[in-house]
Amino acid sequence: DTGVSQDPRHKITKRGQNVTFRCDPISEHNRLYWYRQTLGQGPEFLTYFQNEAQLEKSRLLSDRFSAERPKGSFSTLEIQRTEQGDSAMYLCASSLAPDQETQYFGPGTRLLVL
Amino acid sequence: EDQVTQSPEALRLQEGESSSLNCSYTVSGLRGLFWYRQDPGKGPEFLFTLYSAGEEKEKERLKATLTKKESFLHITAPKPEDSATYLCAVQAPGTYKYIFGTGTRLKVLA
Numbered sequence: 019d020t021g022v023s024q025d026p027r028h029k030i031t032k033r034g035q036n037v038t039f040r041c042d043p044i045s046e047h048n049r050l051y052w053y054r055q056t057l058g059q060g061p062e063f064l065t066y067f068q069n070e071a072q073l074e075k076s077r078l079l080s081d082r083f084s085a086e087r088p089k090g091s092f093s094t095l096e097i098q099r100t101e102q103g104d105s106a107m108y109l110c111a112s113s114l115a116p117d118q119e120t121q122y123f124g125p126g127t128r129l130l131v132l
Numbered sequence: 003e004d005q006v007t008q009s010p011e012a013l014r015l016q017e018g019e020s021s022s023l024n025c026s027y028t029v030s031g032l033r034g035l036f037w038y039r040q041d042p043g044k045g046p047e048f049l050f051t052l053y054s055a056g057e058e059k060e061k062e063r064l065k066a067t068l069t070k071k072e073s074f075l076h077i078t079a080p081k082p083e084d085s086a087t088y089l090c091a092v093q094a095p096g097t098y099k100y101i102f103g104t105g106t107r108l109k110v111l112a
């Protein structure tokens, strides 16, 4: 059990560029979650996968955001045409259904949009 | 609307000075309440899961308790290394997402 990993850890981009983040969950965890956290706030839910199926999406996830989890393993979160308001920490978490409700978080990807 | 409120927003303690952090929630039917610790620039680190009123969990200097409307995180004889932001989250029926509070920033002075 090596924990949830995320890549990159930091990303600086210019407004209007596209960015993609990767999350590798704890092995055998079939649920994967994306959250966004801004300074001084708690994480806000973005989307959730069970295996490869995206089962829940927040209204925060605008058309510029898309997430995938091919083959039910790693996941990617893409932001198109980034805006300064997208600057935040993007957190990934995973859990094991159906026995565990506890979500284990990765170290996050900090995005800065200039 | 499901909501989580944490208090105080910030807390400064002297080393050894015990205190409690509060997490109050409004959710129709609690599936679980979760406490996390978060250090600056890092992801939340899991501490406790509580499912039903009256339940208590302990780990080192931390003890979490749960009632029907709130949870407390008690810190006994804290040390400087306990300084962090403590986050509370709830999970409502029919969803797997967490709803987080804004956290309590704890600073323990040596």
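The listed protein sequences correspond, in order, to chains A and B. Its first residue numbered 19, the first sequence is counted upward by one per residue in this note's numbering. Its first residue numbered 3, the second sequence is counted upward by one per residue in this note's numbering. The beta carbon of each residue, even a glycine, is placed where N, CA and C say it ideally should be. No experiment lies behind these values; they were computed from the predicted model shown.
- Any beta-carbon of chain B closer than 7 angstroms to the one on TYR108(A)? No, TYR108(A) does not count as interfacial toward chain B.
- Take LYS29(A) as the anchor and find which of ALA106(A), ARG82(A), ASN48(A) and GLU119(A) has the nearest alpha-carbon. Proximity to LYS29(A) across ALA106(A), ARG82(A), ASN48(A) and GLU119(A) peaks at ALA106(A), based on C-alpha coordinates.
- Give a yes or no on whether 7 angstroms exceeds the smallest Cβ distance from GLU48(B) to chain A. Note that residue 48(B) corresponds to Phe in the displayed sequence, not to Glu. For PHE48(B), the answer is yes, since a Cβ of chain A falls inside 7 angstroms of its Cβ.
- Item | Closer than 6 angstroms: THR127(A) CB and nearest the ligand FAD heavy atom | The ligand FAD is not part of this structure, which contains no ligands at all.
- Message: Once DSSP output is grouped into helix, strand and coil, what is the label at GLY60(A)?
- Response: DSSP, read as helix, strand or coil, puts GLY60(A) in coil.
- Tell me the start and end of each unbroken beta strand (DSSP E) in the segment 35-111 of chain A that is at least 3 residues and wholly inside, in chain order. List check, beta strand (DSSP E) in window: 37-42, 49-55, 62-68, 71-75, 83-86 and 93-97.
- Item | GLU96(A) versus VAL37(A) - alpha carbon distance | Between GLU96(A) and VAL37(A), the alpha-carbon positions lie close to 6 angstroms from each other.
- Message: Strictly by DSSP, which residues pair up with GLN16(B)?
- Response: Note: GLN16(B) sits in a beta bridge opposite LEU111(B).
- Task: Please name the residues in the segment 87-98 of chain B whose beta-carbon is closer than 7 angstroms to at least one beta-carbon of chain A, in chain order.
- Result: Residues LEU89, GLN93, THR97 and TYR98.
- Message: What does the alpha-carbon distance come out to for the pair LEU109(A) and SER84(A)?
- Response: Whole-angstrom Cα-Cα distance: 15 angstroms.
- Message: Rounding to the nearest angstrom, what Cα-Cα distance links LYS32(A) and GLN16(B) in this structure?
- Response: If you take the alpha carbons of LYS32(A) and GLN16(B), they lie about 44 angstroms apart.
- Message: Between GLY31(B) and chain A, is the shortest Cβ-Cβ distance under 7 angstroms, so that the two count as touching?
- Response: False, the Cβ-Cβ gap to chain A never drops below 7 angstroms.
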